[in-house]
Amino acid sequence: MSRQSEDKKSSAAGHRVCSPRYEDFGPSPVLYSDGKTLAEVVYDEYGDMVHCKLHELEEDSDADELIRNSGLRVKYPTFNNMLQLINNCTRLERPPAANATSAAHPLEPVASSWSTWTLWNGILPGTKWCGVGDIAGSFEDLGTQQEVDACCRAHDHCPVKLKAFRTGYGLINFSLYTKSHCDCDKEFYSCLKESTNKIADVVGNFYFNIMRVQCIKEHRPFVCIENGTDTSGLQKCIKWGADPDSKKMQTTVTQLKY
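Position one of the sequence shown corresponds to residue 1 (UniProt numbering), numbered consecutively onward.
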């Protein structure tokens, strides 16, 4: 779930936003930036992604130092392309399902401690990204419930989101939680559903069924796109459609049921 602990968010000099280092990787490192998320991606000679790391940015300018110091080529993808990149990154870095709950970290203690955990007072036991804020030391840092934690980590890096009590996209978020783009919530839903870990069902039920979070989506109002005349010769609209030039955003209650 999206991070809310504003006091621990770092700037470009913080623990999560640091200069990229590629000495351990092969050719073709690329930076992708959309203002809210910066992706460090390394491709092999065949064009396949072999390494990926995501940075959440507080401000658009937070990416400037990273980009300047890296000396790497930068691409600025569309929202849909960036979302696909985040999904690919999650699948690449996501641990195998077999490692999601090991014998050393059984499911029962985590599930039993859920009753003392809520969205408003902490992080789900066994994770570092699921809850209010995060307690991860780096992008690669996952809790013992790794498979579920990877889903929460990807959702935290949604390229379009509005944090609690912030303004943006022509909206004001008066909620206590971050509102993410509806497509990010759909990917979060799918990621949890793909997991074989029962903790994923607990997270999904809480987020989508109990909280019923709001998400952000594009709103294209219907406008007249073709005029005509009626039998009396008066002008009237004969064809309506979504305004292709509208870029307004609105919040809506998610329709997803877990």
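Just so you know, even glycine gets a beta-carbon here, dropped at the ideal spot from N, CA and C. Just so you know, these numbers come straight off a predicted model, no measurement behind them.
So S180 packs on V148, CB below 8 angstroms; how close in whole Å?
-> Actually they do not touch by this definition, with Cβ atoms about 17 angstroms apart.
Spatially closest choice to P29 from K53, C152, C158, by CA coordinates = K53
Determine which residues share a DSSP beta bridge with N227 and list them.
-> C237
On the three-pair Cβ rule with 8 angstroms, is the region 195–209 touching the region 226–233?
-> no
Within 10 angstroms of its Cβ, does R153 collect 16 or more other Cβ (buried), or is it exposed?
-> buried
Classification of S190 by the beta-carbon crowding that lies within 10 angstroms, buried from 16 upward = exposed
With a 10 Å radius around its C-beta and 16 neighbouring C-beta atoms as the bar for buried, classify E45 as buried or exposed.
-> exposed
To the nearest angstrom, report how far apart C184 and C224 are at their CA atoms.
-> 31 angstroms
Three-way DSSP call (helix, strand, coil) for K163 in this model | coil
Between the CA atoms of E140 and H51 - distance to the nearest angstrom = 11 angstroms
In the structure shown, what three-state DSSP assignment does Y207 receive?
-> helix
Say whether the region 78–89 touches the region 33–48, bearing in mind that this needs 3 or more beta-carbon pairs closer than 8 angstroms, one atom from each stretch.
-> yes
Look up V148 in the DSSP assignment and say whether it is helix, strand or coil.
-> helix
Which partner residues does G131 have in the DSSP bridge list?
-> I123
Taking D62 as the reference, which of G47, S33, L142 has the closest Cα?
-> S33
Of all the options P159, G228, S175, which has the alpha carbon lying nearest to the alpha carbon of L85?
-> P159
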